[in-house]
Amino acid sequence: MAPGMNLSLFNTLVRRKEAFQPIEQGKVRLYTCGPTVYNFAHIGNLRTYIFEDILRRTLEGCGFQVNHVMNITDVGHLESDADDGEDKMALASKREHRSPWEIARFYEEAFFADTKALHILPPTCVCRATEHIPEMQSMVQMLEKRGYTYTVDGNVYFRISKFPTYTELSRRNLDELIEGSRVEIDPRKEDPRDFVLWFSQSKFPNQVMQWDSPWGRGFPGWHIECSAMASKYLGEHIDIHCGGIDHISVHHSNEIAQSEGCFGHKWVNYWLHGEFLVIDKGKMAKSAGNFLTLKSLTDQGFDPLHYRYFCLGAHYRSQLFFSFEALTGAKNAFEALKNRAISWKLATGKGGQSDKITQYEQRFWQAMADDLDTPIALSIVWEMAKDASLHPADKWHLIRVFDKILGFDVEHFARPELPQDLDELVQQREQARHSKNWQEADAMRVQLAARGIQVKDTPEGTDWYYVYKD
Ligand code: AMP
Ligand code: ZN
Numbered sequence: 008m009a010p011g012m013n014l015s016l017f018n019t020l021v022r023r024k025e026a027f028q029p030i031e032q033g034k035v036r037l038y039t040c041g042p043t044v045y046n047f048a049h050i051g052n053l054r055t056y057i058f059e060d061i062l063r064r065t066l067e068g069c070g071f072q073v074n075h076v077m078n079i080t081d082v083g084h085l086e087s088d089a090d091d092g093e094d095k096m097a098l099a100s101k102r103e104h105r106s107p108w109e110i111a112r113f114y115e116e117a118f119f120a121d122t123k124a125l126h127i128l129p130p131t132c133v134c135r136a137t138e139h140i141p142e143m144q145s146m147v148q149m150l151e152k153r154g155y156t157y158t159v160d161g162n163v164y165f166r167i168s169k170f171p172t173y174t175e176l177s178r179r180n181l182d183e184l185i186e187g188s189r190v191e192i193d194p195r196k197e198d199p200r201d202f203v204l205w206f207s208q209s210k211f212p213n214q215v216m217q218w219d220s221p222w223g224r225g226f227p228g229w230h231i232e233c234s235a236m237a238s239k240y241l242g243e244h245i246d247i248h249c250g251g252i253d254h255i256s257v258h259h260s261n262e263i264a265q266s267e268g269c270f271g272h273k274w275v276n277y278w279l280h281g282e283f284l285v286i287d288k289g290k291m292a293k294s295a296g297n298f299l300t301l302k303s304l305t306d307q308g309f310d311p312l313h314y315r316y317f318c319l320g321a322h323y324r325s326q327l328f329f330s331f332e333a334l335t336g337a338k339n340a341f342e343a344l345k346n347r348a349i350s351w352k353l354a355t356g357k358g359g360q361s362d363k364i365t366q367y368e369q370r371f372w373q374a375m376a377d378d379l380d381t382p383i384a385l386s387i388v389w390e391m392a393k394d395a396s397l398h399p400a401d402k403w404h405l406i407r408v409f410d411k412i413l414g415f416d417v418e419h420f421a422r423p424e425l426p427q428d429l430d431e432l433v434q435q436r437e438q439a440r441h442s443k444n445w446q447e448a449d450a451m452r453v454q455l456a457a458r459g460i461q462v463k464d465t466p467e468g469t470d471w472y473y474v475y476k477d
């Protein structure tokens, strides 16, 4: 779209926008934390994946070749290294009368069905935690060698006091972090903020998913999977790492401690975090049980792309309040844009207003290059759509360019069904033309126009589209 444009991204590490500079010219090594697969993704999770998709498309639009790696958290214990609460995979397994392995594969598939429906580009590499246990174990051994760990009863812990820059990403003081970890009482820990790298002794001794290890039979802590898989597929120095804001103070801080402890140098240049989708002034969470999935939206007649449009209406660093009223607003806007785009596609005549086209392209691109400002980009799309001085053929050209980022797949936009009476009228008119009854055909054209339908005669028959007044 605009190779060479200056892209600026808000880096959580420094809490400001920075000009993006890749490690290797023309290439981007991108790691995004993937889903935990013991349940359907909720629409909050999906907001984060949409934000990451916009980032990926923008990087590609800048001309970068993006190597995008995403993990699948399919290891039994899942989601936190706290050895308390409940074993989410075992719980799902009991609820659904399926083995943890079946549960993991089922929800992984469901996740990719959702992301496909939302037009989220598939990562270049998807890696499952259960298939990278040896890589995690060698990383733990390396940390052990470098003196970052201690082992009690077969559990290996990361000693946070050995990593002085632990709070660099979160900017929280250590007392706050102790507060946060108070819920979890693990007497084996030297310090409540230390986290688990390998569990051999857990509250869940009957875990189905267990592996032999130098420390005893067990399973990995949650955080080590991202460090191990990111370095396997992207090397020891990566450009961008993303996730939701909830990951800043624990998961990503732990990932940094593990990776930098292991490699002995800086690991990630840019950390990007998506704000939460909130509902009824609270966060939507899988563990809370009461959450909305993509299916709960489609069951109510929404298209997944209505949700994609809804998410693009807010900047990724702003909280987004979900309500069905707001989603309906997004649906109406999306459908109106879609109908206009179809009419531009079918319109006759030639455009070619190159100055105007360039201006709109530049402004759209500047919005995206300014830390992925999708609300501004969408407002430019609408300004273009309503620009009465711009030829429909040029609008069709522009919407296809913008679509590289928007991801609506405008090429495949299909007209909505016509109400039955109008459909019949279009067919009667076609018949009239067939029998060279031009007067009657013209009268029907006027009748259709009065109902907002423009007909267009093509060698293949009659085409039609809804007309919008700008
Ligand atoms: P999980 O499957 O729980 O590991 O979450 C997948 C992704 O969704 C992570 O990047 C989380 O940070 C993110 N996430 C979780 N809850 C929300 C929410 N309510 N809004 C936006 N993103 C979220
Ligand atoms: Zn992660």
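For the sequence shown, the numbering used here assigns the number 8 to the initial residue and increments by one for each residue that follows. Beta carbons are placed, not taken as given, at the ideal position from N, Cα and C, and that holds for glycine. What you are looking at is a predicted structure, and each value in this text was computed from that prediction instead of being measured.
- Sequence-distant partners of A111 (beyond 5 residues in either direction) whose C-beta falls short of 6 Å from its own C-beta, in its chain, are V44, D81.
- A straight line joining the alpha-carbon of R324 with that of H244 spans about 25 Å.
- Nearest to A456 by C-alpha distance, out of E447, Y472, W445, is Y472.
- Residue pairing from DSSP places G281 in a beta bridge opposite G251.
- Ranked by Cα distance from E67, the options S145, T131, D182 are led by T131.
- Comparing C-alpha distances from K34 to each of C69, T355, W372 shows the shortest one belongs to C69.
- For the pair S177 and D198, the CB atoms are not nearer than the 8 Å cut-off.
- Here T19 is near I255, since their CB atoms are less than 8 Å apart.
- Proximity to the ligand ZN was defined by a C-beta distance below 5 Å to any of its heavy atoms, and the residues meeting it, in sequence along the chain, are C40, C233.
- Boundaries of the beta strand (DSSP E) around L37: 34–39.
- Each residue's CA atom was taken as its position, placing F309 and A333 some 12 Å apart.
- Taken through DSSP and simplified to helix, strand or coil, R452 comes out as helix.
- The residue among P426, H259, W351 with its C-alpha nearest the C-alpha of T172 is H259.
- Within the same chain, Cβ atoms closer than 7 Å to the Cβ of E267 are found at K273, W274, the five residues on either side in sequence being excluded.
- Within the segment 176–246, the runs of beta strand (DSSP E) at least 3 residues long that lie entirely inside it are, in chain order, 202–206.
- By the Cβ-count criterion, A448 is buried, with 16 or more other Cβ atoms from all chains shown falling within 10 Å of its own Cβ.
- If only uninterrupted alpha helix (DSSP H) runs of at least 4 residues are considered, those enclosed by the segment 298–341 are 301–305, 311–319.
- Looking from the CA of N78, the closest CA among D470, A237, R422 belongs to A237.
- Assignment of Y157 by DSSP, reduced to helix, strand and coil, places it in the strand class.
- In the three-state scheme derived from DSSP, where H, G and I count as helix and E and B as strand, I349 is classed as helix.
- Separation of E31 and A321 (C-alpha to C-alpha, rounded to the nearest whole angstrom) is 31 Å.
- If you look at C269, you'll find it in the alpha helix (DSSP H) that goes 260–270.
- If the five residues before and after Y157 are omitted, its C-beta is found closer than 7 Å to the C-beta atoms of Y164, R166, E197, all from its own chain and listed in chain order.
- Counting only runs that start and end inside the segment 111–138, the beta strand (DSSP E) elements of at least 3 residues fall at 132–135.
- Annotation: I364 to D401 spans about 7 Å, alpha carbon to alpha carbon.
- Between the ligand AMP and R135, a heavy atom-to-CB distance of less than 7 Å is absent.
- Straight-line spacing of the CA atoms in F283 and I57 works out to 12 Å.
- Contact annotation: D121 and A48 have beta-carbon atoms nearer than 8 Å.
- For the pair V133 and H139, the Cα-to-Cα distance works out to about 12 Å.
- Sequence-distant partners of T355 (beyond 5 residues in either direction) whose C-beta falls short of 8 Å from its own C-beta, in its chain, are K463.
- Measuring C-alpha to C-alpha distances from G358 to each of L241, A395, F371 identifies A395 as the nearest.
- Per the coordinates, the alpha-carbon of Q369 lies some 14 Å from the alpha-carbon of H404.
- For W205, the closest alpha carbon among the candidates W218, M216, Q214, G228 is that of G228.
- At the C-beta level, R63 and V76 stay beyond 8 Å of one another.
- For S15, the closest of T65, Q434, S442 by C-alpha to C-alpha distance is T65.
- The Cβ atoms of V453 and Q461 do not sit closer than 8 Å to each other.
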